[in-house]
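Engineer: Pasting in a structure now, in structure tokens, and then I'll have a few things to ask.
Residue numbers (our numbering): 3 to 140.
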């Protein structure tokens, strides 16, 4: 994975950067990949690269990645990044991701992000999400 990290910094082509991010996410070192991708998601100068890192974390099917995304959501104040994290959480098949979406829908200080979380929950087939939304409108 160190070679992939160096490659990410040296490549200028956005599509190649996204491919490198996908390879990092698929590497055998899950904890290292998650930590590295969270760093990219929170700090990279290119919005599209940050978005790719968030998407890769959501696609990892790993509760550690979900936990890292939830923590990243809480620690960032950039609404665009938070929105990308919500999208990634909604793509994950995880009870923890669902719990985070419900928490955002109920309590986030941003009306825009609460609405987005509700919208994403509305797209879910999960019975827990359906019940939550039913309770929310009562």
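Quick reminder that beta carbons are idealized off the backbone N, C-alpha and C, glycines included.
For residue 46, which residues from the same chain have a beta carbon less than 8 Å from its beta carbon, with the 5 sequence-adjacent residues on both sides left out?
Structural biologist: As a first step, residue 46 is located in the chain shown; it is residue number 44 there, counting from the start. So the list reads 52 and 55, once near-sequence residues are dropped.
Engineer: So, is residue 60 buried or exposed, given that buried needs 16 or more other C-beta atoms within 10 angstroms?
Structural biologist: If you number the chain shown from 1, residue 60 lands on position 58. Classification of residue 60: buried, given that the 10 Å Cβ count is 16 or more.
Engineer: Quick check on DSSP: helix, strand or coil for residue 29?
Structural biologist: The residue given as residue 29 occupies position 27 in the chain shown. Of the three classes helix, strand and coil, the one that applies to residue 29 here is coil, per DSSP.
Engineer: Buried or exposed for residue 139, please, with buried defined as at least 16 other CB atoms from any protein chain shown within 10 angstroms of its CB.
Structural biologist: Counted from its first residue, the chain shown places residue 139 at position 137. With fewer than 16 Cβ atoms within 10 Å of its Cβ, residue 139 is classed as exposed.
Engineer: Tell me which residues share the same chain as residue 42 and place their Cβ nearer than 6 Å to its Cβ, disregarding the 5 neighbours each side in the sequence.
Structural biologist: What you label residue 42 is simply residue 40 of the chain shown in a count that begins at 1. For residue 42, where only same-chain residues beyond five positions count, the Cβ hits under 6 Å are 55.
Engineer: Does the structure place the region 114-134 close enough to the region 86-105 that three or more beta carbon pairs sit under 8 Å?
Structural biologist: Yes: the two stretches touch, three or more of their Cβ pairs being nearer than 8 Å.
Engineer: Measure the Cβ-Cβ separation of residue 57 and residue 94 and say whether it is below 7 Å.
Structural biologist: The sequence position of residue 57 within the chain shown is 55, counting from 1. The sequence position of residue 94 within the chain shown is 92, counting from 1. Cβ atoms of residue 57 and residue 94: not closer than 7 Å.
Engineer: Give the DSSP-derived three-state secondary structure of residue 35 in the structure shown.
Structural biologist: As a first step, residue 35 is located in the chain shown; it is residue number 33 there, counting from the start. Three-state DSSP puts residue 35 in a helix.
Engineer: Quick one: is the Cβ of residue 108 within less than 6 Å of any heavy atom of the ligand SAM?
Structural biologist: Ligands displayed in this structure: none; no statement on the ligand SAM is therefore possible.
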